[in-house]
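Letter by letter, the sequence shown follows residues -13 to 97 of my numbering. Ideal Cβ placement from N, Cα and C applies to all residues, glycine included.
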Amino acid sequence: VSASMLAEFGCRYVIVGHSERRAFFGEDDLVVGRKALAALGAGLVPIVCVGETLAERDAGAALAVVGRQLAAVRDVVGPEAMAGVVIAYEPVWAIGTGRSATSAQVGEVHG
């Protein structure tokens, strides 16, 4: 469904970059940025999901991964437009595993 169709249906927000879309449909950071830009262009607020896998967290790369994901979106939509983007931290390792991110882990990423 296109961003303009969602806007026509009366939607105000749209989720982009969900871990399942990234994993199952191969949506990379550039695609997520383009979807966020399309959402903004249609008057929608993109909710951009970012987060690391367990392997990335265990390797100490959580901040680098999330930083890369955010930078890709910023590079596509522009720094000024980021004010209209909602960021959702979604650690991939906590989805469907019975594990939850602690407040300290979320705080580390939120910075």
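{"Query": "Determine the closest residue to LEU40 out of GLU76, CYS(-3) and GLY19, with distance taken between C-alpha atoms.", "Result": "GLU76"}
{"Query": "On the criterion of 16 or more Cβ atoms from any shown chain inside 10 Å, does PRO65 qualify as buried, or is it exposed?", "Result": "exposed"}
{"Query": "On a Cα-Cα basis, can you pick out the residue from GLY37, LEU(-8) and PHE10 that is closest to VAL51?", "Result": "GLY37"}
{"Query": "Is it right to say ASP15 is buried, meaning 16 or more other beta carbons lie within 10 angstroms of its own, or is it exposed?", "Result": "buried"}
{"Query": "Who does VAL34 pair with in a DSSP beta bridge?", "Result": "VAL2 and ILE73"}
{"Query": "With distance defined between alpha-carbon atoms, name the residue in SER89, LEU26, PHE10 and GLY3 nearest to VAL63.", "Result": "LEU26"}
{"Query": "Kindly give me the distance between the Cβ atoms of VAL0 and VAL18, rounded to whole angstroms, as I take these residues to be in contact under 8 Å.", "Result": "That pair is no contact at about 12 Å."}
{"Query": "Is the beta carbon of ALA(-7) closer than 9 Å to that of LEU23?", "Result": "no"}
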